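> Protein chains in written order, with my numbering: chain A, 1 to 420; chain B, 1001 to 1420; chain C, 2001 to 2420; chain D, 3001 to 3420.
Number of protein chains: 4
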Amino acid sequence: MISIHDPVHGTIEVTPAEIKLIDSRPFQRLRHVKQLGFSELAFPGATHSRYAHSLGTMHMGTRMVERALAAIDLPVDERARLRQTLRLALLFHDLGHPPLSHVSERVMPKLGDLRLGPFADDPARQATHEDYTVKLVLDSEITELIERLLGDAGVTAARVASLVLGRPPPGDEQAFVVAGHDLTTVLHQIVSSELDADRMDYLRRDAYYCGVSYGNFDHQWLTSNLTALAHDGHYVLGLQHKGLWAFENFLLSRLHMFLAVYYHHTSTCFDHLLGRYYEAGEYTLPADSEAYLERDDIHLISALRASKSPWAQLIVRRRPYRLLVETHDFGEGPKDTELDARLTSAGIDFFRLRSKGVLSKYFKRRDEVAPLLVIEPEVGRTSRIEDYTPLYRRFAEAVAVSRVFCLPEQLEQARRLLAG
Amino acid sequence: MISIHDPVHGTIEVTPAEIKLIDSRPFQRLRHVKQLGFSELAFPGATHSRYAHSLGTMHMGTRMVERALAAIDLPVDERARLRQTLRLALLFHDLGHPPLSHVSERVMPKLGDLRLGPFADDPARQATHEDYTVKLVLDSEITELIERLLGDAGVTAARVASLVLGRPPPGDEQAFVVAGHDLTTVLHQIVSSELDADRMDYLRRDAYYCGVSYGNFDHQWLTSNLTALAHDGHYVLGLQHKGLWAFENFLLSRLHMFLAVYYHHTSTCFDHLLGRYYEAGEYTLPADSEAYLERDDIHLISALRASKSPWAQLIVRRRPYRLLVETHDFGEGPKDTELDARLTSAGIDFFRLRSKGVLSKYFKRRDEVAPLLVIEPEVGRTSRIEDYTPLYRRFAEAVAVSRVFCLPEQLEQARRLLAG
Amino acid sequence: MISIHDPVHGTIEVTPAEIKLIDSRPFQRLRHVKQLGFSELAFPGATHSRYAHSLGTMHMGTRMVERALAAIDLPVDERARLRQTLRLALLFHDLGHPPLSHVSERVMPKLGDLRLGPFADDPARQATHEDYTVKLVLDSEITELIERLLGDAGVTAARVASLVLGRPPPGDEQAFVVAGHDLTTVLHQIVSSELDADRMDYLRRDAYYCGVSYGNFDHQWLTSNLTALAHDGHYVLGLQHKGLWAFENFLLSRLHMFLAVYYHHTSTCFDHLLGRYYEAGEYTLPADSEAYLERDDIHLISALRASKSPWAQLIVRRRPYRLLVETHDFGEGPKDTELDARLTSAGIDFFRLRSKGVLSKYFKRRDEVAPLLVIEPEVGRTSRIEDYTPLYRRFAEAVAVSRVFCLPEQLEQARRLLAG
Amino acid sequence: MISIHDPVHGTIEVTPAEIKLIDSRPFQRLRHVKQLGFSELAFPGATHSRYAHSLGTMHMGTRMVERALAAIDLPVDERARLRQTLRLALLFHDLGHPPLSHVSERVMPKLGDLRLGPFADDPARQATHEDYTVKLVLDSEITELIERLLGDAGVTAARVASLVLGRPPPGDEQAFVVAGHDLTTVLHQIVSSELDADRMDYLRRDAYYCGVSYGNFDHQWLTSNLTALAHDGHYVLGLQHKGLWAFENFLLSRLHMFLAVYYHHTSTCFDHLLGRYYEAGEYTLPADSEAYLERDDIHLISALRASKSPWAQLIVRRRPYRLLVETHDFGEGPKDTELDARLTSAGIDFFRLRSKGVLSKYFKRRDEVAPLLVIEPEVGRTSRIEDYTPLYRRFAEAVAVSRVFCLPEQLEQARRLLAG
């Protein structure tokens, strides 16, 4: 085992085979993709990369899966295979992230251009960063490394990619059915769900680097109280009921990180400016793996610096539009057309942004998502989390922040207009 | 200045005069009154005392008052007097706490017995720990020490006591009116309100010692965004709007500390056992200051060890009743008389406990409490926090936990009864 | 597994059998024995108990032993037996600690009175807290609980006691020889050595509760780099060379905890006063297990409060002698008889205390202690730590603090005498 | 005041005038200069920038100066002027740092080219990053901003630059002599000395981001115990003797950060590769302010990516030489010419690096550095720290790490050669 220092988890341990995968070019590229993009402008400490986040997600998810599967009787080598496949899915889950911001997904090509075969659903839609993750797992030096280093242990690139997507590997549908237990869902829930390793890492990591306390939650207690339960023929994530307050705290940690950090007016404004820059088509993302690997934050920032686009120059010279108005609601949406009309008629150069989040999807999208079960062993009862306690109904509503930004030179004029 | 190491605040600084007050017997007694009483049984780390909490409250409140009054023009010596009086009110706010648990307030005498003169409202009601705090400030070696050490600076025992109570000192009603500014309310809000130094210290301290993360909130950010505002002729606490998420997080920290720690089934059960022990009248609290000072945790535990009371023996031998059922609601209250009847008819020895908390009183008790104001300097607007954002309406409801405990020997029988 | 919240380790997990042992009266007694005794007077946060420290030591040592034995091929059930026996030795290592302070060992009876049979070396010498630990493991309700709960797994009270003492169990000398590997030494090193779980817990815990940063060291990195190596026919602890700076930092953490906390003038002074109180023979410790279990901090403090001894009254009323002079040296010892003579002839009531510590015993007591080996896998070399790098020669010397304390009333007079 | 979130200090407060200086292009450039350069390759969390470090240094130094000058009687406005000038010197101390690594100083021009006038000592020597700091303070948009925003308060660019350099401003030698107190030395000691704000920030920050505990020390305690003392006609930094262990711990924190982080073999190796790349003269740093501002990490990395230099390609593709041998000594230096000869004759491509540090310069360079004084107020004694306690003689010696690196392809061959 090789130990890596990590500020969030202390020490992260990786195997010699994993080190070779970590040293691959697609994974090393993540060193130059910042985890929080423009947030660094409001939170000077937030310089962390998706590289460290990916290592942390693998570390966190390993502890989760060990707990979740502890009570299920599995052959030693099969348990090791599932664990190793999951570790790679966790390690690589952000491999396809574009430079700097989720906004960069807008300049991605059609999914069909990525030539993912059965791993693509609709070739006509625009590709996402997740599609690029699948692409790089299935079509880069990583593909061959997985087969060579871990093929004998039953780990394949296709199985890793399928855990990222949450669908069984095409043509290998029983890959995660072991000793009669279908573990496909629970394994995918650890990669991506309301209580996944991705969030377990990023909330703590983002809070740590931003210097805010919103992202703190009792991750150890939460992990200690995880389990997996058979439900409708396949295993899903379960939580011991004494881990309930820790889970509620985790949900609220995420809400506050959204309100205070992810939806911060500075980064939402710069994201908007980047979107405007992209509209001109000056910068696009290639479908080819090798070409895509060159696209990191350094590549994009160099392009912005060299560009004559006024939007690029606003970004490079850090001249954002200024926040004029901010309102909050429960997702019902403000209809402030009157305000917009006044600003327009006064000749104010402004734009309106709206950031909206739902605390928990378990309520309104009950039938779409795999459930999280709460267990009360003393009384032998198991419930879906949204049914367990009435307190959770508070989390069904969305929370939204609406903002109007205007040109700095017009800020005083616009404020007078609003006050008047 | 003398520096004291503190795990929560790092370094706490006190003046030579304050050290003499800290070294007094009434304050040293707090070394032997645990902050969380029986919580230590569920959280082995929670051994901290009200002594350290009181120092921390003084420290925290000092930073709050410096911020809150920063923008108000006050003569240097008057500012120093207010600051020093407040520091003592913060330092002494828990002076009268009884041994081990709030439950011990049940064996306190009538308020009249404390002979507090104009500081007593209704002599016929039972005294509280707050009355004892006033008693010890006004009638112990502390009284004389304050006058001797700080009398020249305009600090009096009566003024300190009045800041604890939140009423101007009898016969000295202008004590906290300076240069035309009535600061009585804002000073008292720092000692006791929804955003007071007491909570700012104990949430962090209790979380620190219990080893849970619920009590984390951005205390520095919150403090940095405090101010004081004139409102209806007197000053009240104000909050810059960019401190809003930190305040919401602080409220939720408190909720989670209640749910996970303060209402933990183990300590609520032991509190109940102690209450039953007290019913026999074997142990009472004296009205006299000197005699009261002997009553600390060591005195009470020694009494419990020596007692033949079956309730005392359950406590001393750590043989609590066992948790049988737990339900949550929004304060509307369960009417589970059917369950109680079944347990009774089956001869189960059980009791029912209910713990209930309100996140924020600013909504339903709007007219009773001094408001917390939110300021938006850019648009020159000030609102009561409950009006500022619709999001806060989530915090108006109470949250309650109801539990049934039964005799350990009957636990299996009772569980079968419920399952059947 | 049952999870326990702990502020230092986050979550500590224990088995149902261990919970029964933890709930025993001898272990619960440790709730009322403070870890740092009188240190709380100088560090108000330091209220933690040996109860939490013992749980933490078990937790820490488990991670150490899993690492240390990872590379040794052992049958699954034998590995489990060694692990469980070690966990109990770690859990119980402080079971026999007397009330409040190590000074209380002075009122312990002769070792012979404890009737430990072959576990006693010299019946004529005074017993120590370690002897009482062995006594309580071998002769209390714990003895029977171990046999009943864990006897089938090969865990016996005698084996647990022997790991505490570091000698094979009498008549069962091969207890820790498995598959030809003699693990007696390495297991004992985890219980007690220069790099043991006791220190790994108490340095961090004491620093955490005192609010000082001296006790921080990279415990995860250190543990990740542990191993066990065959050396002269038995296994001893080994350290990967990249853990070297973490180990050096750990040694220096301990030095600074001694200088700043354990040797603090306040607690050394109170320890001295307690020793003087004991001289009169008013309070002694019984040899019988049941009677000994009643002796905790509450028992001793109640006795001190009730005592007419002037030394007891100085302690109870917190009236220590005052620090007059402090000097540091490298253990060679000051011969300041001239100063003492001057104080004596001036009629000053004073006493002199000297606290001395060695950073590492591996140098001057090389032949007495089991070695710690450093491994450089790349070059296939293994060295004793004292030979590995010349830098460690800095740690061979002792460091000592000498102090003179005098009666508070004579402090000014004594200072003038020294200045004159 | 504007509050900025910072992970190390919690909240950093800056004035509106300072925000304008922070928003200047020279200061914003520091966002793209990593604090630890190549260390990120060994410590994935260490992505922090000199931007955040500079804010933290200003914050830390402000607390230090408030403490140090607290006991000196100064006019309010003069105290404010000194504080503000110092804050800017702290904020800007790293302004001239070259991209990525100190190694980049090798491609700086002659000092004379920077045209610093009386602020340059020897025009013929090569410029350093400190000279560029002075350059940017005296000749960029910052220069004009200081005069415009803070000129009325007596703050000038020349005075700020002179505090960075530690020499009185040319022609304005009494700038820091106030009310007869010469504060030049103590102010400069806070910017740059063995106990300066730079170290107080970077040790904690680097440890925080690397995820190691070496950089922890009791900064609050240390700061609380700071003072300033008149010594040979000017004020120097003083330390209350009870802050001594905290200072010793701080020195050792720094030693361990050197050994474990700053001298890590990975970053020293990449620094060497960068030095080799620079030898060809392909990349140089311009003397002109405007041109220099374009040179940040992004500029240099883009240049390395575009370069055909084999050294640049080793860096970009992360193909370092491999560590073959590492030895430690006390600075006396190994003469391992025999080893080098064997490697050379075997045709091994290798290089040798040596990293050396002194814990404290107060001993051997006693006459060159301004002293740090230790105060014992009780006995009215003041000593230079190197005379105060014999324990400090341990810190006079240097500690060095010597390493040999070789081409990866030859690692096995070289190891066999050494083993044979």
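C-beta atoms are modelled at their ideal positions from N, C-alpha and C, and glycine is treated no differently. Note that the structure is a prediction, hence the values are computed from the model and not measured.
Once you ignore the five residues that flank D/H3059 on each side, which residues in its own chain have a CB closer than 6 Å to its CB?
Taking the first residue of the fourth sequence as position 1, residue 3059 of chain D is located at position 59. So the qualifying residues of the chain are H3009 and I3012.
> Is the Cβ-Cβ distance between C/A2312 and C/E2279 less than 9 Å?
Counting from 1 along the third sequence, the entry for residue 2312 of chain C is found at position 312. Counting from 1 along the third sequence, the entry for residue 2279 of chain C is found at position 279. The answer is no: Cβ separation not under 9 Å.
> Can C/Q2189 and C/V2137 be called in contact, C-beta distance under 9 Å?
Taking the third sequence and counting its residues from 1, the one referred to as residue 2189 of chain C is at position 189. Taking the third sequence and counting its residues from 1, the one referred to as residue 2137 of chain C is at position 137. Result no, Cβ atoms of C/Q2189 and C/V2137 do not sit closer than 9 Å.
> Inspect the beta-carbon positions of C/S2345 and C/F2395 and report whether they are closer than 9 Å.
Here residue 2345 of chain C refers to the residue found at position 345 of the third sequence. Here residue 2395 of chain C refers to the residue found at position 395 of the third sequence. No, Cβ-Cβ distance for C/S2345 and C/F2395 is not below 9 Å.
> Could you tell me whether the segment 1381 to 1388 of chain B touches the segment 2020 to 2028 of chain C, using the rule of 3 or more Cβ pairs below 8 Å?
no
> So, helix, strand or coil for D/I3004, using DSSP?
The residue you call residue 3004 of chain D lines up with position 4 of the fourth sequence. Residue state, collapsed to three classes: strand.
> Measuring alpha carbon to alpha carbon, tell me which of D/F3330, D/K3308, D/L3165 and D/D3006 ends up nearest D/H3128.
As a first step, residue 3128 of chain D is located in the fourth sequence; it is residue number 128 there, counting from the start. Before going on, a small fix: residue 3128 of chain D reads as Thr here, not His. With distances taken between Cα atoms, D/T3128 lies closest to D/L3165.
> With a threshold of 9 Å between beta-carbons, can C/E2248 be considered close to chain D, or not?
As a working mapping, residue 2248 of chain C is identified with position 248 in the third sequence. Yes, its Cβ sits closer than 9 Å to a Cβ of chain D.
> So within the segment 200 to 236 of chain A, which uninterrupted alpha helix (DSSP H) runs reach at least 4 residues, ignoring any that extend past its ends?
219 to 224
> Which residue wins for smallest C-alpha separation from A/H234, given the options A/F176, A/D172 and A/Y362?
Taking the first sequence and counting its residues from 1, the one referred to as residue 234 of chain A is at position 234. Measuring from the Cα of A/H234, the nearest candidate turns out to be A/F176.
> Would you list, in sequence order, the uninterrupted alpha helix (DSSP H) runs of no fewer than 4 residues that lie entirely inside the segment 2140 to 2175 of chain C?
2141 to 2150 and 2157 to 2165
> Mind the definition here: the segment 399 to 411 of chain A touches the segment 317 to 326 of chain A only if three or more C-beta pairs lie below 8 Å; say whether that holds.
yes
> Which residue's Cα is closest to the Cα of D/S3343: D/V3358, D/V3155 and D/R3416?
Against the fourth sequence, residue 3343 of chain D aligns to sequence position 343. Looking at the sequence shown, residue 3343 of chain D is not Ser but Leu. Among D/V3358, D/V3155 and D/R3416, the Cα nearest to that of D/L3343 is on D/R3416.
> What does A/P26 touch in chain D if you count any residue whose Cβ is under 8 Å from its own?
For the purposes of this step, residue 26 of chain A is taken as the residue at position 26 of the first sequence. Simply none; closest approach about 13 Å.
> Against chain C, with Cβ distances strictly below 9 Å, would B/G1045 count as a contact?
In the second sequence, the residue the question calls residue 1045 of chain B occupies position 45. Yes - at least one Cβ of chain C is within 9 Å of the one on B/G1045.
> Does DSSP put B/I1348 in a helix, in a strand, or in coil?
On the second sequence, residue 1348 of chain B is found 348 positions in, with the first residue counted as 1. B/I1348 falls in the coil class under three-state DSSP.
> Name, going along the chain, the residues of the segment 205 to 234 of chain A whose beta-carbon falls closer than 7 Å to a beta-carbon of chain B.
V212, S213, Y214, N216, F217 and D218
> Looking at chain D, which residues of the segment 1001 to 1013 of chain B have a Cβ within less than 9 Å of any of its Cβ atoms?
M1001, S1003, H1005, H1009, G1010, T1011 and E1013
> Quick one: give me the first and last residue of the alpha helix (DSSP H) that C/R2081 is part of.
Numbered from its first residue, the third sequence carries residue 2081 of chain C at position 81. Its alpha helix (DSSP H) spans residues V2076 to F2092.
> If distances are taken between C-alpha atoms only, which option among D/E3248, D/R3167 and D/E3194 comes closest to D/R3365?
Start at 1 with the first residue of the fourth sequence, and residue 3365 of chain D comes out as number 365. Residue D/E3194 is the option with its Cα nearest to D/R3365.
> Apart from the five residues just before and just after C/D2073, which ones in its own chain have a Cβ nearer than 8 Å to its Cβ?
Your numbering for residue 2073 of chain C matches position 73 in the third sequence. Excluding sequence neighbours, C/D2073 sits near A2179.
> Can you tell me whether C/F2395 is helix, strand or coil according to DSSP?
The sequence position of residue 2395 of chain C within the third sequence is 395, counting from 1. DSSP places C/F2395 in helix when its eight states are reduced to three.
> Going by alpha carbons, who is nearest to C/V2399 out of C/T2015, C/R2254, C/I2022 and C/S2224?
The residue you call residue 2399 of chain C lines up with position 399 of the third sequence. The option with the nearest alpha carbon to C/V2399 is C/R2254.
> Using 10 angstroms around the beta-carbon of C/I2298, count the other beta-carbons present and answer buried if the total reaches 16, otherwise exposed.
What you label residue 2298 of chain C is simply residue 298 of the third sequence in a count that begins at 1. Here C/I2298 is buried: its Cβ has 16 or more other Cβ atoms, across all protein chains shown, within 10 Å.
> By alpha-carbon positions, which one of A/P390, A/G420, A/A419 and A/R381 ends up nearest to B/A1419?
Walking along the second sequence from the start, residue 1419 of chain B turns up at place 419. Of the listed residues, the one whose Cα sits closest to B/A1419 is A/R381.
> At a cut-off of 8 Å, would you count A/A52 as near the ligand PLP, judging by its Cβ distance to the nearest heavy atom?
Of the ligands one can find in the structure shown there are none, so the ligand PLP has no counterpart to examine.
> Classify C/H2426 as helix, strand or coil using the three-state DSSP reduction.
Residue 2426 of chain C cannot be examined here, being either before or after the span of chain C that is shown, 2001 to 2420.
> Run through DSSP, which three-state label would C/K2242 get?
Working through the third sequence from its first residue, we reach residue 2242 of chain C at position 242. Helix at C/K2242.
> Could you tell me the boundaries of the alpha helix (DSSP H) in which A/T11 lies?
The count along the first sequence starts at 1 and reaches residue 11 of chain A at position 11. Not the alpha helix (DSSP H): A/T11 falls in the beta strand (DSSP E), residues G10 to V14.
> Taking only beta carbons into account, state which residues of the segment 1357 to 1380 of chain B come closer than 8 Å to chain A, listed in chain order.
E1378, V1379 and G1380
> Using a Cβ-Cβ cut-off of 9 Å, state whether D/T3263 counts as contacting chain A.
Start at 1 with the first residue of the fourth sequence, and residue 3263 of chain D comes out as number 263. Reading off the sequence, residue 3263 of chain D comes out as Tyr, not Thr. False, the Cβ-Cβ gap to chain A never drops below 9 Å.
> Looking at the secondary structure, which residues open and close the beta strand (DSSP E) in which D/H3188 lies?
As a working note, residue 3188 of chain D is residue 188 in the fourth sequence. Note, D/H3188: premise wrong, no beta strand (DSSP E); alpha helix (DSSP H) at T3184 to V3191.
> Looking only at C-alpha atoms, which of A/R204, A/G211 and A/T227 sits nearest to A/F217?
Along the first sequence, one-based indexing puts residue 217 of chain A at 217. Residue A/R204 is the option with its Cα nearest to A/F217.
> Is it true that the CB of D/I3375 sits closer than 9 Å to the CB of D/Q3174?
Within the fourth sequence, residue 3174 of chain D is the residue found at index 174, counting from 1. Within the fourth sequence, residue 3375 of chain D is the residue found at index 375, counting from 1. No. Outside cutoff.
> Check the Cβ-Cβ distances between B/T1268 and every residue of chain A, and say whether any is below 9 Å.
By 1-based counting over the second sequence, the position of residue 1268 of chain B is 268. It does not: the Cβ of B/T1268 has no partner Cβ on chain A nearer than 9 Å.
> Output the distance between the C-alpha atoms of C/L2150 and B/D1006, rounded to the nearest integer angstrom.
In the third sequence, counting from the first residue as 1, residue 2150 of chain C sits at position 150. In the second sequence, counting from the first residue as 1, residue 1006 of chain B sits at position 6. About 42 Å.
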